Structures are given as structure tokens and as C-alpha cells.
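Protein sequences appear in the order of chains F and V.
Take the first sequence: its position 494, counted from the start at 1, is 747 in our numbering, and no numbers get skipped.
Take the second sequence: its position 201, counted from the start at 1, is 974 in our numbering, and no numbers get skipped.
All residues carry an ideal CB built from backbone N, CA and C; glycine is no exception.
Since this is a predicted model, take the numbers as computed values, not measurements.
Notes to accompany the following structure.
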Amino acid sequence: MAFYVVQFLTGLASAASLFLVASGLSIIFGVTRIVNFAHGAFYMLGAYVAFTLTERFSGAFGFWGGIVVAALAVAAIGVLVEMVLLRRIYHSPELFQLLATFGLTLMVEDLVVLIWGPDDLVGRRAPGFKGAIDFFGQNIPSYDLFLIVLGPVVLGVLWLLFQRTRWGVLVRAATQDRDMVAALGVNQKWLFTSVFALGVFLAALGGALQIPRDAVNHAMDLRVIVEVFVVVVIGGLGSIIGAFVAAVLVSELNAFGILIFPKISIILVFLVMAVVLIVRPWGLFGKPEAPVRRTPGLTVNPWRPLTANERLAAIAVLVVAAALPFVAGNYVLTVGSEIAIFVIFAVSLHFLMSVGGLASFGHAAYFGLGAYGVALLAKMAGLPMIACLLLGPLLGLLGAAVFGFFAVQLSGVYFAMLTLAFAQIVWSIAFQWVSVTGGDNGILGVWPEKWAASPSHFYWLSLGIAALAVVILRIIVFSPFGFALRATRDSPLRSEAVGINGKRIQWTAFVIAGTVAGLAGALFAYLKGSVFPDNMGISLSVDALVMVLLGGVETVSGAVVGAIVYKALNIWLVSQTDWSKLVLGAFVVLIVVAFPKGIVGTLEAFLHRRRKSSSSASPVLTSRIETAE
Amino acid sequence: MKLTVKDLNSFYGPAHILFDIALEVGEGEVVALLGRNGAGKSTTFRSIVGLVENRSGRVMFEGRDVSDLPTHAIVRGGLGYVPEERRIFTDLTVEENLEVGRQPKRPGAPQWDRDKLFKLFPNLGEMRGRPGGRMSGGEQQMLTIARTLMGNPSLVLLDEPSEGLSPKIVEQMVDAILAMKKEGVSIVVSEQNLHFARLISDRAYIIERGRICFGGTMAELDARPDVRDAHLSL
Chain F
254 MAFYVVQFLT GLASAASLFL VASGLSIIFG VTRIVNFAHG AFYMLGAYVA
304 FTLTERFSGA FGFWGGIVVA ALAVAAIGVL VEMVLLRRIY HSPELFQLLA
354 TFGLTLMVED LVVLIWGPDD LVGRRAPGFK GAIDFFGQNI PSYDLFLIVL
404 GPVVLGVLWL LFQRTRWGVL VRAATQDRDM VAALGVNQKW LFTSVFALGV
454 FLAALGGALQ IPRDAVNHAM DLRVIVEVFV VVVIGGLGSI IGAFVAAVLV
504 SELNAFGILI FPKISIILVF LVMAVVLIVR PWGLFGKPEA PVRRTPGLTV
554 NPWRPLTANE RLAAIAVLVV AAALPFVAGN YVLTVGSEIA IFVIFAVSLH
604 FLMSVGGLAS FGHAAYFGLG AYGVALLAKM AGLPMIACLL LGPLLGLLGA
654 AVFGFFAVQL SGVYFAMLTL AFAQIVWSIA FQWVSVTGGD NGILGVWPEK
704 WAASPSHFYW LSLGIAALAV VILRIIVFSP FGFALRATRD SPLRSEAVGI
754 NGKRIQWTAF VIAGTVAGLA GALFAYLKGS VFPDNMGISL SVDALVMVLL
804 GGVETVSGAV VGAIVYKALN IWLVSQTDWS KLVLGAFVVL IVVAFPKGIV
854 GTLEAFLHRR RKSSSSASPV LTSRIETAE
Chain V
774 MKLTVKDLNS FYGPAHILFD IALEVGEGEV VALLGRNGAG KSTTFRSIVG
824 LVENRSGRVM FEGRDVSDLP THAIVRGGLG YVPEERRIFT DLTVEENLEV
874 GRQPKRPGAP QWDRDKLFKL FPNLGEMRGR PGGRMSGGEQ QMLTIARTLM
924 GNPSLVLLDE PSEGLSPKIV EQMVDAILAM KKEGVSIVVS EQNLHFARLI
974 SDRAYIIERG RICFGGTMAE LDARPDVRDA HLSL
């Protein structure tokens, strides 16, 4: 019994930090409507800065002072980020905001390694809380008791701040209607900045307080951000009480899950989140938001199929690409195959995101399922390669059919988070189900058969399938199904009113996208000769998002260009610099701020303008697309 | 002149909404902006306070050009705005809603505080702790006006204050607007309802398809039944 009580208390202590970080994220989202992916990075920075300060200054004063000063210093960095970066993207679609803050996370990850080195750092114990307290033969670290008390204290302070101060009233008002607050004479800019500063302060404090419990390392940001996403989604985005309750719930699930279901401890939390989202999509303490029309891009240009000339040009480009094996060596061909595979992956996400309006943050799950499908069929069933390539993606289809059914019930940020959670479930299964998937060691020795084994043959195979995938998806875009999908994206209510079953259309699109991603994964397994859990990890999902964004969200096939440029750049960068994440992160931030239309979108806009100015004054379409609600 | 608007043009995306709007409001005057649904009344107000991004023209308030200021700066200068859709903060109590609107005292402008406003709108005084979401439409309309008055404005843009209210509440609204005028607040009130406008206004403009097509005193408007019938649905 005593053991369970101690386990419970350990859970509560973990909840304290999680609550600090989650409440910060929630407060920021409430007012600015930005889901701050970089919140984990600020948490990590808080821990690193606190480590340095507490090492430098001795004594109790040095320790506690160091913790607070670290949180303040990181908050100051947060203010800088808000003023320089976020102020430029408050009016961008949420996907851009998520990506910009993710780019920031990548940069911070490399920066901390640059400054503090790659090794884990073990910090000081907290003065006055070094010992443990005996509880019926079980030890409870006294620092844990301190954290258990701290959580509710912070909750109380935040409550007072929001209920009893003018600033709190303004923040609550802005959470509901920020334009109206401005129309009453309040300077939104500073309100946003101060809210962001408070949120980052809480995250950094959460990180700093972890030093006596855990080693500081440069991967703690992603670990915490996934947990924090889960917490705010369960608790309800924007609700502080919700963040507290959910932080306790998640921490206890972790603490007891590991005892009761050691095999599925990681996915237990995600299962709870999925259930909560399905039953109460806005979280336990959140409020349902009015359905708003959200276009993934900034403006909607009318899409049209390629003209005859453009088709010829596309075929010419394909022919040139197919001629590559006659001039290039094996390394280039392998890179070429990889790029072709990522073209397939990127267009599948683009189809879901741009055509369907559903920005998935876990698309790698279906890529990875396809890869594992092939690996399992090839290694266990010993099927021939053609059969594996045809059947492997079906695992992606199956996963997309199951998860997609739940995911399309939601939209916007919640859709993104649910898909992320599903991807983490799939990743956890691959990671933990060692007997089947090999766990972290993956499945090795998945090699193509002789006819496809040479780099040039495999390149032609990948290129051919990529071309086929792009053509088929384009045909779907301009089919009645594609029209219905776009109608549902642009106005769910109106399309419903003309008899379109929006959810089923979106579900179908999700399954199509998942299957095509699975195909890409199947090829990838053969290219690498192995599969690993990382083939379905978060970073791969984000890679796909960046490819789509880079190509242009509003275009029909921009993802093709986005995938080629991004993948080539990525491979080149990794070979050139040790700080590829820093460069890549800066690159992502730059695109979001400077070229939100992406490469193809920017080109299209440029050509459109030229065509318009050259043709005689045609009557301007006085459409009211943007004012329509 | 308290407020002078010249050559105001506004756009929503590619659509041109307002065409060369010109308005003048004198010190302490109540001016009605009349027009049918969709004529451009709300867009005119939103453009004046800077809530429409794509606009051109001049807005002079108390002799100062405020055309290029952000919304909050215009409002802080004493130009209050009461939106059409009320936009009460439903999670906040009556007192908290008023708190959001509170601004420092401004020399020369009429001063308001909670107690004075509760005298003007006695209903509100009886529900200080009630969340805005649990109030009737009429009470919400009073609260939006009171909330804007907490900023001690010298001029208020009132967007369709009588819309959707019962005749009894409309009467109270007339009294409240006249009381505001008595305190020295200049008011521009947009209306579809000519009878309501006649009860409170000194002068009127008629707006139709984004253009001002009449300006004059209420008596002048009454002398032109043709204008009235052409541009206002009665």
C-alpha cells in the first residue's frame, strides 16, 4: 500500500513541472491563438540556464535565485522572439505558426549543444531539500514534496492574477475577442507580449525546477512538448484549471501505467487523449469553438488542370529526370531515389492538407506503416518484392482508415494534435513491441530483388511510381470527388447544405493520403534495406509539412518542387555542416515569414501578375471570397 | 468640427465597399447615419476607428489627423466605438466588462465611472456580478454602451443601437442617448429606423451602396420625401 502512495506522490511531483509548462502554453494559446511549438525549447533553455547559474552561484540563495533568474532571462528571450517573429505571423494560418515555432525549436536544439555541449548535465540538489522522508519503509524525496506543494500554489497565484487584476481581466477579455479589446483602447501588442512573457516564464521555471530531479539534455524539449500537447488537449486549450487537472491525470497515468501495463505505458496516455478528444473534442475544461472556415493558405486561387503545353513540359521534365542514370553515379542515383520517394510522401500530405484542408502533424505514421508492412511481409511471410510493394501500403491504408475516422471528426489545431497523438501511438508500438518490430533495432535486411537492386533500376522504379502518384492525385483533384473535398474544406456548412457528406469525403481523402504515404514508406524500406521506429517519428512528419509549405500550400502540385528542394538541401546540409538543425530551423522560419506562398506559389503569383498586366483591362472579378463567412 | 471624414474609401479584398465618404460632426451634436442593410454603415464606422485594414482617406478627430493610427490609439484619443453585434465578453461579469473599457480621465471630455453608469442604466446596477453571456439582448446593448463610456470618450460611434430590441427597451435607449448628449458627448448613430433616429438626432446623412447621397438637418430630410422613400425602407 505504502508503495502505491509513494508512486502516487511521485506522479504528483512530476505533474508540477508539467502543469507549469502546460499552463504557459495554454495561456499563450488563449490570447494569441498560437500553439507555441517552441514551448518545449523554452522549457529546455530554462533548465540549461538554471544549470549554469546554480553551478556558478553557491548556497541556497545562489540556487533559488538562479532558478528564478533563469526563468526571467528565458522570458526575456521569449519577449524578443514574440516581438521579432510572432508579431509578423499573428494573422497567418495556424499551420504557419506551428511551423515557425517548430523551426525555432530546431534552432534552439542546436544552439544548446553549441553552448553547453552534447552531454547530459547533472545539476545540484536543492538546498534544504536534499534528503528523503521515510513513509512506511518507502523513501519520498523531500524535493518531490516541495514540488507537490508548488503546483497548487502556482495555480492559486495564476487564478488570483487572472481574476483579481486589471491585466487578468484584459487577458480574459482578449481570449474571447481580441479585436473588441483593441476597439476599447487597449494596446493589443503589449498585452500579447506580456502574455507570451508569462507563458515562457512558466515554461522556463518548469524546466529550471527539473534540475534536481533529472539530468539536463538537448532532447528534453520534444519529450516535454508532446506531453504538454497531450495535457492541454485533455484539459482544454486555454484553460488553466484544465491544464492542472490534466497534468495530474497524465502524470498519474505515467506513474501507474508503468506498473500495470509496462508494455504499453507510453501509449496509455495517448489513448486517454484520443478518447477525450472523441468524447469532448474541446477538452475537459475547454469550450467548444464556433465552426470557422479555415483555408490552409492565404488566398484561394482558382485551380485548373494543366494545359496541353504544360503537360508536354511536365513530360519533358520527367524524361530529363529519367535520363539521370546515364550521367550520374550511384550515390547521386540513391539520393535521386530518396528524393522521388519523398515526392510521393509530400504529395500525399499535400493532398490531405491543401485539397482537404486537414493539416496532419502525424502523417509519418502512414509512411512508417507502409515501411513496416513491407518489412514484415518480406521477412516473415517471405513474399516477393512486387507483392510486398502492393500489399505493404495496405497497412498504411488500414491505419489511415482507423485513425482517420476519428481524426476527421475534428478540425484545425485539434486535428493536428490528434494526428500527432496517433502517430505517437504507432511509433510507440513500433518501439515497444520488440518481438514483432525489433523495437529500437528495427528490422534489417529488407533488400530489393535482383531486377530492382541496381541503383539505376531502383531509381527508375521510384521515379515511375512517383510520377504515377502525382498524376493520379491530380486526376482526383479535378474529379467530382476533388470538387466535393475542396467544397468541404472551404465551407463545411454550405457543402453539407448541397448534399455533400463532408465527414465521409474527408475520411476518404485521409485514407487516400495514408495509402499513398504508405507506398512511399514501402519504397523507402527497400531503399534503405531496413525500417526503424524513426520512420514514423515526429521529425519525419514535420519534414513532410515543411516540404508542402516550401512548395506552396495553395498550389495543386507545389509539393513536388518542395520535396525536391527540401530533401536535396537537407541531404547536402547534413554532409556540409554539423549544425544542420540550426540552418534548417532558420530556413523554416524564413519561409514562413518571407515566402508564405512557397516556391511554386510565389512563382504562380508572379506569372499571374505579369499575365494580368499584359492582357487588356479585363473586368476584375468582384468576388467576395474573403468576406464570405 | 468634432469629427471630419473626407474621401474615405474602403475595401474588403478586391471588393470596393465605400466610395468617397464625407461626414462632419459638430461639438455635442447627434448625427444619424441612415441606410438600408448592407449600405455601408457599419463599414463606415469600422473604417473610422481603423478596424478595416484596406482604406484610404482622411479622418480628422478634434483637429488631429487619426487616419494612420492603430485602433487602440484612436479610441484612446477619445473616439469611442460601440459595435453592431454588441460583442460583450460573455465570460466576464458586468463589472469586468466595464473594467476592460476603463481608460484614464481626459480633460475636456465628459467623465464616467461605474456608479454614474449604473444610474444611467439601472438594470446593469442590479446585475453587477452576472456574466455577460447570461444577459438579455437589451441588457447586453446597454452594457456595450456603458463599456465604451468607461473610456470617457468625447465622441461615440453607435452602430444600430435599436436593432432587435423591444419597443420598451428602445425607449430606454432613447433616454440614455439623450442623457449622453446632455453630458456633452457627441454621437454618430447608424440606423435603419427613421423614427428612432428622429427622436435623437440633430442632423442626418443617408448612405446607399457605399456612397453618401444626402446630408442635412432632420427638417430638411422631412422636406424631401422623395429622398427618404428612395433610400430608406420604411
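Given residue i, which residues of its chain have a CB within under 6 Å of its CB, disregarding the five upstream and five downstream residues?
i, result
"F:I837", "For the sequence presented, residue 837 of chain F should be read as Leu rather than Ile. If we look at F:L837 and ignore the five residues flanking it on each side, its Cβ neighbours are L359."
"F:F382", "S395, Y396, F399"
"V:G898", "F891"
Only counting the same chain, and skipping five residues up and downstream in sequence, which positions put a Cβ closer than 7 Å to that of residue i?
i, result
"F:V439", "L423"
"V:L951", "I973"
"F:Y301", "V365, W369, V469"
"F:P646", "G623, G626, T768, G771, L772, A775"
State the DSSP-derived secondary structure class of residue i, mapped to helix, strand or coil.
i, result
"F:Q391", "strand"
"F:D372", "coil"
"F:P405", "helix"
"V:T917", "helix"
"V:P998", "helix"
"V:F792", "strand"
"V:D932", "strand"
"V:F909", "Contrary to the premise, residue 909 of chain V reads as Ser rather than Phe in this sequence. Coil at V:S909, not helix or strand."
"F:S783", "strand"
"F:T307", "helix"
"F:P534", "coil"
"V:K954", "helix"
"V:D1009", "Here chain V has residues from 774 to 1007 only, and residue 1009 of chain V is not among them."
Apply the 10 Å Cβ neighbour rule to residue i and answer buried if 16 or more other Cβ atoms are within range, or exposed otherwise.
i, result
"F:S876", "With a pLDDT of 34 at F:S876, under the threshold of 50, the predicted position of this residue should be treated as unreliable, though the coordinate-derived value follows. Classification of F:S876: exposed, given that the 10 Å Cβ count is below 16."
"F:W760", "buried"
"V:E993", "exposed"
"F:W686", "exposed"
"F:K850", "buried"
"V:H845", "buried"
"F:F272", "buried"
"F:Y584", "exposed"
"F:A797", "buried"
"F:Y296", "buried"
"F:E563", "exposed"
"V:H968", "exposed"
"F:R541", "Note that residue 541 of chain F is Pro in the sequence shown, not Arg. Classification for F:P541: exposed."
"F:F314", "exposed"
"F:V372", "It is Asp, not Val, that sits at residue 372 of chain F in the sequence shown. With fewer than 16 Cβ atoms within 10 Å of its Cβ, F:D372 is classed as exposed."
"F:R386", "One detail in the question is off: residue 386 of chain F reads as Ile in this sequence, not Arg. By the 10 Å Cβ count, F:I386 comes out exposed."
Examine chain V for any beta-carbon lying closer than 8 Å to the beta-carbon of residue i, and answer yes or no.
i, result
"F:G438", "yes"
"F:L357", "no"
"F:A426", "yes"
"F:A435", "yes"
"F:Q429", "yes"
"F:L423", "yes"
"F:R419", "yes"
"F:D235", "The structure shown does not extend to residue 235 of chain F, since chain F is modelled only from 254 to 882, so the question has no answer here."
Under 8 Å, Cβ to Cβ, is there at least one residue of chain F near residue i?
i, result
"V:G902", "no"
"V:E869", "yes"
"V:G924", "yes"
"V:G874", "yes"
"V:T816", "no"
"V:H845", "yes"
"V:V864", "Reading off the sequence, residue 864 of chain V comes out as Asp, not Val. Yes, its Cβ sits closer than 8 Å to a Cβ of chain F."
"V:R837", "no"
In chain order, what residues of the same chain have a beta carbon less than 8 Å from the beta carbon of residue i, not counting five sequence neighbours either side?
i, result
"F:K632", "I696, G698, V699"
"V:N782", "H789, L791, F792, D793, I794, R828, S829, G830"
"F:F734", "I758, T761"
Length at least 3, wholly inside the segment 957-986 of chain V: the beta strand (DSSP E) runs in chain order: Secondary structure remark: continuous beta strand (DSSP E) runs of at least 3 residues inside the segment 957-986 of chain V, in chain order: 959-964, 976-981.
Complete alpha helix (DSSP H) runs within the segment 331-378 of chain F (minimum length 4 residues, chain order): Fully enclosed alpha helix (DSSP H) runs of 4 or longer: 347-369.
4 or more residues per run - each alpha helix (DSSP H) lying fully within the segment 796-865 of chain V: If we require 4 residues or more, the alpha helix (DSSP H) runs fully inside the segment 796-865 of chain V come out as 814-821, 844-849.
Completely contained alpha helix (DSSP H) runs for the segment 669-726 of chain F, where each covers 4 or more residues: Counting only runs of 4 or more, we get 687-690, 703-706.
Sequence ranges, alpha helix (DSSP H) only - wholly within the segment 408-490 of chain F, length at least 4: Along the length of the segment 408-490 of chain F, whole alpha helix (DSSP H) runs at least 4 residues long occupy 419-429, 431-435, 441-461, 473-488, reported in chain order.
Those runs of the alpha helix (DSSP H) which lie wholly inside the segment 270-316 of chain F and span at least 4 residues: Runs of the alpha helix (DSSP H) lying entirely within the segment 270-316 of chain F, each at least 4 residues long, are 292-309 in chain order.
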